[in-house]
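Student: Numbering (the working numbering), first residue to last: 5 to 478. Here a beta-carbon is modelled for each residue, glycine too, at the ideal position from N, C-alpha and C.
#1: Once DSSP output is grouped into helix, strand and coil, what is the label at residue 150?
#2: Under DSSP, the alpha helix (DSSP H) around residue 435 begins and ends at which residues?
#3: Mark residue 99 as exposed unless 16 or more other C-beta atoms lie within 10 angstroms of its C-beta, in which case mark it buried.
#4: Which one of 258, 158, 277 has the shortest CA to CA distance from residue 287?
#5: Helix or strand or just coil, what does DSSP make of residue 406?
#6: Please list, in chain order, all residues of the same chain as residue 183 whose beta carbon is under 6 Å from its beta carbon, the five residues on each side excluded.
#7: Work out the CA separation of residue 427 and residue 439 for me, nearest whole Å.
#8: Could you pull out every residue in the same chain whose Cβ sits closer than 8 Å to the Cβ of residue 15, ignoring the five residues on either side in sequence?
#9: Between which two residues does the alpha helix (DSSP H) holding residue 318 run?
#10: Name the two residues that bound the continuous alpha helix (DSSP H) containing residue 188.
#11: Taking residue 405 and residue 374 to be in contact with their CB atoms under 8 Å, please state how far apart those CB atoms are, rounded to whole angstroms.
#12: Taking only the alpha-carbon atoms, compute the straight-line gap between residue 13 and residue 193 and give it to the nearest angstrom.
#13: Am I right that residue 402 and residue 376 are in contact with their C-beta atoms under 8 Å? What's the rounded C-beta distance?
#14: I'd like the span of the alpha helix (DSSP H) that includes residue 450, first residue to last.
#15: Can you give the beta carbon distance from residue 57 to residue 88, rounded, assuming they're within the 8 Å contact cut?
#16: Of the residues 186, 203, 187, 85, which one's Cα is nearest the Cα of residue 169?
#17: Does the segment 128-140 come into contact with the segment 152-159, if we say contact requires no fewer than three beta-carbon pairs (one atom in each stretch) closer than 8 Å?
#18: Closest to residue 141 by CA distance: which of 27, 130, 151 is it?
#19: Closer than 8 Å, CB to CB, is residue 442 near chain B or not?
#20: Enumerate in chain order the residues of its own chain whose CB-to-CB distance from residue 114 is below 6 Å, with the five nearest sequence positions on each side excluded.
#21: Please list the segments of the alpha helix (DSSP H) lying wholly inside the segment 58-138, counting only runs of 4 or more residues, in order along the chain.
#22: Given this structure, state the Cα-to-Cα distance separating residue 39 from residue 236, to the nearest angstrom.
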């Protein structure tokens with residue numbers, strides 16, 4: 005959006021922006037011509053500064069009422085601010101004078117409203133107006149991805165690549181489309197052919213490696229990543245991905261080597277530190293694990309997994325007090341999806357940290373007595389131990405605290421399920437049907453769905469059919 009005003013140097017733009025900011029601060033009316041205001045607007049677009057964009061657009065339209073260019077930029081502002089309805093309303097008022105930016109802006113706004121086919125139509129109009137081909141082809145490809153029409157998306161991404169073979173983003177999108185279409189073998193053939201033409205294209209080697217890994221060929225994936233590093237040894241993502249492969253293969257020594265290289269090549273990143281610490285933990289190098297988990301927490305004090313890593317490590321070192329303290333620190337971090345706590349506690353249980361898993365679940369219930377998901381969490385730990393009686397007691401306890409029908413519905417699904425698993429089919433079916441009537445949508449809770457898969461109870465299947473429910477097996 006700022007290409008029209010490249011005749012301003014960086015220093016000149018800086019000076020114009022500073023003058024505009026002084027205008028706002030002093031409330032003095034200084035003169036800016038249209039080109040200067042456009043440069044200020046584009047500057048704030050590049051920064052993504054919505055507040056200043058709003059200010060400069062208001063100022064510009066006060067100085068030049070009805071200016072087509074500023075009104076169009078205001079519509080683009082609405083796109084950036086995620087207000088597509090307002091943007092489209094403004095474009096309808098503005099009308100089109102055959103300007104490609106109008107079509108591109110309208111396409112973007114329609115896309116935000118998930119009108120993907122209509123967005124493609126607008127981008128196609130821009131194509132006919134000789135708009136930047138790379139931008140138009142990329143946008144059309146993106147809309148076809150939204151429509152899950154990956155073959156058509158690939159057609160347009162190939163067009164981008166024909167213009168700009170070094171476009172790493174496009175290469176990544178091509179790899180993603182092949183992966184989403186479950187065509188990893190085709191991806192391998194494509195990237196190998198592309199590399200034959202451009203042997204030093206690190207983006208192609210990188211995506212070839214991803215495709216090999218998706219196809220289950222770890223050895224060739226590592227080899228392709230090594231080619232990336234031969235071209236550019238500072239390519240941190242290649243170091244990181246090789247480390248992940250070695251970690252998944254249980255080769256923690258090599259994983260540690262490559263995670264350390266990753267950390268040396270990039271700005272401090274909590275995920276890299278976390279995985280390095282976990283590799284040390286898996287290697288029983290517990291003091292090293294402790295040190296790196298603490299570094300991860302310093303980088304990002306809201307990264308829950310790092311605190312759980314500390315808890316596991318302290319537990320293995322025999323310091324139960326610090327292990328529990330680490331779990332408490334994890335639970336006070338805001339988590340928008342209570343479901344994830346279930347996954348974490350079950351993982352702790354499966355890793356052999358049942359004591360920590362139970363402490364985590366009990367602590368969550370203690371501090372969130374009205375959150376039904378945490379009672380389900382605790383009950384599932386009992387089920388893993390084969391203790392249906394305690395699981396049911398936990399669910400009943402949760403039902404007494406449940407603040408509304410939605411929460412009760414979730415608990416009754418599991419109460420019914422556990423009763424059926426224990427052999428009490430009549431009460432189980434009754435509770436399950438009550439749950440459906442209270443909160444039908446909660447039937448598709450991923451944890452409940454996971455428990456229902458493989459369950460063969462004819463009367464339960466009839467209940468599903470009665471309410472048009474089905475188990476999502478994928």
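Tutor: Walking through what the data contain:
#1: helix
#2: Looking at the DSSP string, the run of the alpha helix (DSSP H) that includes residue 435 is 429-442.
#3: Residue 99 is exposed by the Cβ-count criterion.
#4: Taking only the C-alpha atoms, the option nearest residue 287 is 258.
#5: coil
#6: 218
#7: 19 Å
#8: none
#9: From DSSP, the alpha helix (DSSP H) with residue 318 extends over 308-320.
#10: Looking at the DSSP string, the run of the alpha helix (DSSP H) that includes residue 188 is 188-201.
#11: Between residue 374 and residue 405 the Cβ distance is about 5 Å, and since that is below 8 Å, they are a contact.
#12: Each residue's Cα considered, the two are about 45 Å apart.
#13: 5 Å
#14: Residue 450 -> alpha helix (DSSP H) spans 450-456.
#15: 16 Å between Cβ atoms; not a contact.
#16: 203
#17: no
#18: With distances taken between CA atoms, residue 141 lies nearest to 130 out of 27, 130, 151.
#19: In the structure shown, chain B cannot be found, because there is only a single protein chain.
#20: 122, 123
#21: 72-84, 88-98, 104-116, 120-132
#22: 41 Å
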